[in-house]
Each structure stands twice: as structure tokens, then as C-alpha cells.
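A.B. asks: What follows is a structure written as C-alpha cells; I'll ask about it next.
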Amino acid sequence: MRDRVDAPSLNAARAAPVYRGAPVLGALADLRYYLLCTLVRAEGAEPVVRFRIAAGVPIRSFGVFSPEGAAQVLAGPGDYRKDSRPYVETRAFFGNGLLTSQDEVWRRQRRFVAPLFSPRRLESEYVPILVEEAARMREDWRASPEATADVHALSVAYTLRAIGRLLFGTELEDVLPRLGPVFARANGYLNARVTTASLVPRTWPTPTNRVGKAARRDLYAIVDELIAQRRASAGEGGDLLGRLLAESDPETGEPLSADEVRDQALIFLLAGHETTATALAFTVQLLARHPQVQARVQDEVSAVWPDGRPAGDVVRATPYTQQVLKEALRLYPPAYAISRYTAHGDVVADTVIPPRSNVFVATFALHRSAQVWPNPLRFHPERFDPAEVASRHRMAWLPFGAGAHVCVGAQLAAAELTVALAHLLTHFAMVPAAEATVPPTASGLVLRPAAPMPHSLRRR
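In C-alpha cells, the structure reads:
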């Protein structure tokens with residue numbers, strides 16, 4: 001395939017090289033249908049690349065592909081905000097929760113939410129629930145014919161059950177069949193809105209808008225139903241929603257409004273299950289195809305928890321398992337890109353980003369950059385030995401974002417993944433049930449497998 005990235009000028013503060021794409025559609029089709037390949041190809045050109053969206057379309061879109069650029073966009077003093085097209089569309093659909101909010105609204109929500117993810121609560125209250133749900137996942141797998149099942153489907157069920165109990169304090173068995181299709185429609189709608197050259201108003205009755213409106217209505221109905229049930233129950237309880245309903249802002253003394261509670265619940269439901277399910281599925285695939293690494297993880301978790309029931313600080317207790325998880329998240333970061341908007345422009349890597357530009361840190365491409373990671377496509381957990389980590393730029397690995405808006409649930413996600421692996425590997429070996437490795441796709445808000453991922457359990 002021909003190289004579509006123009007050579008940059010050599011000025012001190014130069015114009016960005018341009019990924020032109022097709023003559024009329026520009027990079028639009030490539031970004032919509034071949035996003036991951038497009039990001040990897042563009043990363044080989046320069047630290048900053050401008051994507052020409054389509055002929056005559058004034059939208060400015062820039063990809064950032066270096067750790068230094070990521071630090072400037074995500075954690076620097078510039079005016080980068082969550083006003084990019086992906087954030088605007090996600091906020092309109094899912095509400096103004098912690099993932100999508102900014103400024104004082106975000107600061108107020110962060111004051112409420114951060115204490116809910118304290119290490120003490122994680123160890124004493126959340127890990128026991130994760131252990132129970134991981135055991136259910138293992139039994140579901142063993143109950144499958146010949147112990148073969150789609151590991152991604154099992155991962156989604158595990159994370160949804162876990163987040164249902166952690167967030168709503170209840171089982172989600174009744175709504176599981178409804179949530180999957182709703183999230184699929186939501187992803188399709190948002191992908192179409194974000195990768196369209198010109199947006200029609202959301203109120204226009206186009207086929208895409210009708211799909212989005214119906215998906216949003218169904219999702220809100222499910223969450224409102226769960227919130228109503230939680231409000232009707234007595235006591236605060238240990239779940240996140242009960243605490244959000246009961247607690248007050250430590251600075252103002254005011255509670256969250258009904259809309260804020262719903263927005264937080266929606267964001268937790270989205271970010272708390274899809275991202276972790278993707279990470280778990282690809283980690284299993286990697287371990288199944290690297291039996292020596294799998295055996296070393298099994299030895300570690302069996303030594304720490306001989307009874308197969310993880311407890312306490314599960315992350316700190318399993319240093320090698322954490323290296324494996326970090327390497328899996330490097331190769332398959334669920335948040336494949338992190339977007340921002342700059343109203344006033346900036347200079348990144350000696351490259352001018354004009355005012356009113358959409359800017360995204362291309363996490364997937366950065367994690368696979370040969371300029372940052374030697375032999376980047378190799379699965380090599382030793383990259384995350386402490387000495388190796390210390391030698392790299394701190395923004396070379398960004399699965400949970402960076403800066404003030406780094407994911408507040410990162411430790412919960414790590415615990416969720418660790419507990420699942422510990423339960424599976426204490427007694428069983430995981431083997432692929434098909435020859436081909438399932439690749440990732442980015443057709444929605446998060447990375448996901450492009451096809452079912454059949455794997456088998458074999459007793460050790």
C-alpha cells in the first residue's frame with residue numbers, strides 16, 4: 001500500500017505532515033474502517049501527524065505518537081480539554097460523569113468518587129466480591145462442552161456481574177441479556193457520529209440518530225430501574241451507588257443530584273466492564289499461546305494463594321502477574337486513543353497544532369512504536385521489570401490515561417484481572433481452541449476482539 005503521509009517542512013516550528021488518505025474522502029474511510037492499521041502506519045512518519053478528514057471539510061484532527069507529546073497533551077499546562085468530537089458525542093449519550101466531565105464539575109465529582117476506590121475498600125470489600133464472581137466464571141467455563149468457550153463472552157459476563165454487585169449491590173442476571181445488545185448499538189451509533197465528516201443535529205430523524213435515540217432510551221431505562229431499586233432498599237450498603245446516594249461533598253456538604261448519580265452509574269457501567277473484559281480476554285489469549293509465561297504466573301498465584309482464593313492486596317502480592325498484565329495492556333490497550341481539543345493551539349514536538357483542533361494521543365500506536373519499545377510486537381512481560389520501567393519515559397505506557405484525569409478505577413481493574421487469572425490458573429491450563437490469533441478491532445468506544453476467542457481449560 002502506498003505511503004500517504006507527506007514529508008514535513010524543516011522549519012523550527014513546522015506544519016505537521018499530512019495523512020491524506022483517499023482523494024475525496026481523505027483519511028475518513030481509513031479512520032472509520034481501518035483505524036488501528038491507520039494509526040500504526042501514521043506513527044512511523046512523525047511524532048505529530050495531521051489527518052485530512054475529507055475534501056473541503058474544515059475539521060482539524062491531529063494524532064500524537066510520542067511519549068513527550070502525550071505528556072504535553074495529557075499532563076501539560078496547555079488548554080487541552082474534553083471538547084473533542086469523541087468526548088462531545090460520548091457526553092451527549094452517556095451523560096456528564098467522571099469520564100466526560102471537566103472543570104469544577106469534574107473536580108466535584110472526583111471528590112465524591114475517589115474515596116470509593118481507596119486501597120482499604122478495595123482489599124476488604126471489593127476483592128471478596130471479585131473472588132466470588134471469578135469462581136462463577138471458572139464454573140461457567142468448565143460447564144461448556146469440552147470446557148471450551150469464548151473467553152471474551154465469559155470475560156464480559158464476569159466483569160458485568162462484578163460491576164453490578166460493586167456498583168448497584170445486586171445481581172445483574174436479569175439485565176445481562178439486555179445490556180449487551182444496548183452497548184453494541186451504542187458503540188455503533190457513537191462510532192458513526194465520530195467518524196462522519198459533517199454531523200447533522202442529533203434531533204434529526206436519520207436512521208443513525210434513530211438507532212442512537214433508541215439505544216440511549218433503553219440504556220437509561222435499565223440504569224434508572226437499577227437506581228430506583230437501590231434507593232428503595234434500606235441502608236447505605238457497601239456498593240458504590242449506595243455511597244454516592246448517601247455521601248455529601250466534603251467541601252460543600254451537598255449531595256449529588258439525581259442526574260449526577262445516573263451519569264456516574266452509566267460511566268461506571270461502561271468503563272467498569274467493557275475495558276476490563278477486553279483486557280482479560282486478550283491476556284488469556286496471550287498466556288494460552290505462551291505456556292512458559294502462563295506456567296510462571298500459575299506458580300506465583302499458587303504460591304501466594306494455595307487455596308485458590310485471592311485476598312488482601314492482590315496487586316502487590318503478585319509482581320510477575322502484574323508485569324504480564326501490563327504487557328498485555330501495552331499490546332491491547334482498551335482505550336486505543338485519548339482525545340482532547342485545543343481552542344488556542346500549541347506546538348508539540350516542534351510541530352504547530354493550530355487553534356480549534358481535535359488532538360488525540362494514539363495509545364495503540366504509541367504502545368507498538370519501535371522507537372519506544374524494542375521488538376514491539378513481541379509479548380515480553382520482562383519489559384516491566386522495575387529497572388526497565390525506570391529507563392523509559394513515564395508516558396510510554398498509557399492504558400489508563402495520564403495527568404489529572406487518569407482513570408480513578410485503575411487499581412480496581414488490576415485487581416479484577418488478577419483475581420480472574422488466579423482463579424483460572426490455580427487448577428487449570430488455558431489453551432487456544434483455534435489456530436489463528438484473534439486480532440483487535442476499534443469499531444466502538446473501546447478495543448475489542450474482532451471475532452470470538454475460543455479457548456479450553458485443561459486440568460493441570
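Using the numbering used here, you'd call the opening residue of the sequence shown number 1 and step up by one each time.
We put the CB at the ideal spot given by N, CA and C, even for glycine.
Just so you know, these numbers come straight off a predicted model, no measurement behind them.
Does the stretch 93-109 come close enough to the stretch 421-440 that 3 or more CB-CB pairs lie under 8 Å?
C.D. replies: They do not touch, by the three-pair rule.
A.B. asks: Sort 230, 14, 162 and 61 by Cα distance to residue 338 and report the nearest one.
C.D. replies: Your numbering for residue 338 matches position 338 in the sequence shown. Ranking the options by Cα distance to residue 338, first place goes to 61.
A.B. asks: Within a Cβ cutoff of 7 Å, which residues of the same chain sit near residue 123, ignoring the five residues on either side of it in sequence?
C.D. replies: Counted from its first residue, the sequence shown places residue 123 at position 123. Closer than 7 Å at the Cβ level, and outside the excluded window around residue 123, lie 312 and 313.
A.B. asks: Within 10 Å of its beta-carbon, does residue 139 have 16 or more other beta-carbons around it, so buried, or fewer, so exposed?
C.D. replies: Taking the first residue of the sequence shown as 1, we reach residue 139 at position 139. Exposed is the call here.
A.B. asks: Excluding the five sequence neighbours on either side, which residues of its own chain have a C-beta within less than 8 Å of the C-beta of residue 381, listed in chain order?
C.D. replies: For the purposes of this step, residue 381 is taken as residue 381 along the sequence shown, with counting starting at 1. 293, 320, 323, 324, 326 and 327, listed in sequence order.
A.B. asks: Cutting at 6 Å between CB atoms, please list the residues of its own chain near residue 280, excluding the five before and the five after it.
C.D. replies: Position 280 of the sequence shown holds residue 280. Excluding residues within five positions, the ones whose Cβ falls inside 6 Å are 155, 417 and 420.
A.B. asks: Is residue 445 helix, strand or coil by DSSP?
C.D. replies: Sequence index remark: in the sequence shown, residue 445 carries index 445 (1-based). Coil.
A.B. asks: With which residues is residue 63 paired in a DSSP beta bridge?
C.D. replies: As a first step, residue 63 must be located in the sequence shown, where it is residue number 63. Bridge partners of residue 63: 49 and 360.
A.B. asks: Under a three-way DSSP split, which group does residue 336 fall into?
C.D. replies: Counting from one through the sequence shown, the residue named residue 336 turns up at place 336. If DSSP states are grouped into helix, strand and coil, residue 336 belongs with coil.
A.B. asks: Can you list, in chain order, the stretches of the beta strand (DSSP E) that have 3 or more residues and sit fully within the stretch 341-427?
C.D. replies: The qualifying runs are 346-348, 351-353 and 357-361.
A.B. asks: What are the start and end residues of the beta strand (DSSP E) that includes residue 456?
C.D. replies: One-based indexing of the sequence shown puts residue 456 at position 456. Residues 454-459.
A.B. asks: Is residue 223 near the ligand FAD, with its Cβ less than 8 Å from a heavy atom?
C.D. replies: Inclusion of the ligand FAD in the displayed structure is not the case, the ligand content being empty and no account of it being possible.
A.B. asks: Just reading off the beta strand (DSSP E) that residue 150 is part of, what are its end residues?
C.D. replies: Taking the sequence shown and counting its residues from 1, one reaches residue 150 at position 150. Counting along the chain, the beta strand (DSSP E) containing residue 150 begins and ends at 148-150.
A.B. asks: Should the stretch 250-257 be called in touch with the stretch 196-208, which here means at least 3 C-beta pairs below 8 Å?
C.D. replies: With a cut-off of 8 Å, the stretch 196-208 and the stretch 250-257 do not count as touching, because too few Cβ pairs lie within range.
A.B. asks: With distance defined between alpha-carbon atoms, name the residue in 151, 45, 57 and 83 nearest to residue 66.
C.D. replies: Reading the sequence shown from its first residue, position 66 is the one you call residue 66. Minimum Cα distance to residue 66 is reached at 45.
A.B. asks: Using three-state DSSP, classify residue 118 as helix, strand or coil.
C.D. replies: What you label residue 118 is simply residue 118 of the sequence shown in a count that begins at 1. Coil at residue 118, not helix or strand.
A.B. asks: Measuring straight from C-alpha to C-alpha, what distance separates residue 11 and residue 444?
C.D. replies: Here residue 11 is taken as the residue at index 11 of the sequence shown, counted from 1. Here residue 444 is taken as the residue at index 444 of the sequence shown, counted from 1. Residue placement at residue 11 is flagged as unreliable, the pLDDT there being 48, under the threshold of 50; a coordinate-derived value is accordingly withheld.
A.B. asks: Just to confirm the assignment, what range does the alpha helix (DSSP H) spanning residue 229 have?
C.D. replies: Against the sequence shown, residue 229 aligns to sequence position 229. Residues 207-232.
A.B. asks: Given this structure, state the Cα-to-Cα distance separating residue 177 from residue 289, to the nearest angstrom.
C.D. replies: Working through the sequence shown from its first residue, we reach residue 177 at position 177. Working through the sequence shown from its first residue, we reach residue 289 at position 289. Distance between the alpha carbons of residue 177 and residue 289 is about 31 Å.
A.B. asks: Can we say the stretch 381-401 touches the stretch 94-101, given the rule of at least three CB pairs closer than 8 Å?
C.D. replies: Contact between the stretch 381-401 and the stretch 94-101 is absent, because fewer than three Cβ pairs lie under 8 Å.
A.B. asks: Between which two residues does the alpha helix (DSSP H) holding residue 326 run?
C.D. replies: In the sequence shown, counting from the first residue as 1, residue 326 sits at position 326. Residues 319-331.
A.B. asks: Between residue 193 and residue 383, what straight-line distance do the alpha-carbon atoms span, to the nearest angstrom?
C.D. replies: Along the sequence shown, read from residue 1 onward, the residue named residue 193 stands at position 193. Along the sequence shown, read from residue 1 onward, the residue named residue 383 stands at position 383. About 37 Å.
A.B. asks: Quick one: residues in its chain with C-beta nearer than 8 Å to the C-beta of residue 224, no 5 flanking neighbours on either side, listed in chain order?
C.D. replies: Locating residue 224 in the sequence shown gives position 224, counting from the first residue. Within the same chain, residue 224 has close Cβ partners 262.
A.B. asks: Let me make sure I understand the geometry here. Which of 82, 71, 28 and 161 has the alpha-carbon closest to that of residue 59?
C.D. replies: Mapped onto the sequence shown, residue 59 falls at position 59. It is 28 whose Cα lies nearest to the Cα of residue 59.
A.B. asks: Can the beta-carbon of residue 269 be found less than 9 Å from the beta-carbon of residue 112?
C.D. replies: By 1-based counting over the sequence shown, the position of residue 269 is 269. By 1-based counting over the sequence shown, the position of residue 112 is 112. Result no, Cβ atoms of residue 269 and residue 112 do not sit closer than 9 Å.
A.B. asks: Taking the alpha-carbon of residue 365 as reference, which of 398, 379 and 346 has the nearest alpha-carbon?
C.D. replies: Locating residue 365 in the sequence shown gives position 365, where the first residue counts as 1. When each option's Cα is compared against that of residue 365, the closest is 398.
A.B. asks: Secondary structure at residue 289, three-state DSSP: helix, strand or coil?
C.D. replies: Taking the first residue of the sequence shown as position 1, residue 289 is located at position 289. It is coil, neither helix nor strand.
A.B. asks: Have a look at residue 31 and residue 89 and give me their C-alpha separation to the nearest angstrom.
C.D. replies: For the purposes of this step, residue 31 is taken as the residue at position 31 of the sequence shown. For the purposes of this step, residue 89 is taken as the residue at position 89 of the sequence shown. Taking the straight line joining both Cα atoms gives about 17 Å.
A.B. asks: In three-state DSSP terms, what is residue 165?
C.D. replies: Counting from one through the sequence shown, the residue named residue 165 turns up at place 165. In the structure shown, residue 165 sits in a helix (DSSP, three-state: H, G or I).
A.B. asks: Between the C-alpha atoms of residue 185 and residue 214, what's the straight-line distance to the nearest angstrom?
C.D. replies: Residue mapping note: residue 185 aligns to position 185 of the sequence shown, counting from 1. Residue mapping note: residue 214 aligns to position 214 of the sequence shown, counting from 1. The straight-line gap from Cα to Cα measures roughly 9 Å.
A.B. asks: Tell me whether residue 16 sits in a helix, a strand or coil according to DSSP, three-state version.
C.D. replies: Here residue 16 is taken as the residue at index 16 of the sequence shown, counted from 1. The answer is coil: DSSP assigns residue 16 none of H, G, I, E or B.
A.B. asks: Could you tell me whether the stretch 297-307 touches the stretch 341-358, using the rule of 3 or more Cβ pairs below 8 Å?
C.D. replies: Contact fails: fewer than three Cβ-Cβ distances are below 8 Å.
A.B. asks: For residue 453 and residue 151, which I take to be in contact (beta-carbon distance under 8 Å), what is that distance rounded to the nearest angstrom?
C.D. replies: As a working mapping, residue 453 is identified with position 453 in the sequence shown. As a working mapping, residue 151 is identified with position 151 in the sequence shown. That belief holds up - the Cβ atoms of residue 453 and residue 151 are roughly 5 Å apart, short of 8 Å.
A.B. asks: Go ahead and label residue 406 buried or exposed: buried means 16 or more other beta carbons lie within 10 angstroms of its beta carbon, across all protein chains shown.
C.D. replies: To locate residue 406, count along the sequence shown from 1; it is residue 406. Residue 406 is exposed by the Cβ-count criterion.
A.B. asks: Excluding the 5 residues preceding and the 5 following residue 14 in the sequence, name in chain order all residues of the same chain whose CB lies nearer than 8 Å to its CB.
C.D. replies: Here residue 14 corresponds to residue number 14 of the sequence shown, with the count starting at 1. Closer than 8 Å at Cβ, skipping near neighbours: 8, 350, 351 and 352.
A.B. asks: Quick check: what's the CA-CA separation for residue 120 versus residue 335?
C.D. replies: The sequence position of residue 120 within the sequence shown is 120, counting from 1. The sequence position of residue 335 within the sequence shown is 335, counting from 1. C-alpha separation (whole angstroms): 27 Å.
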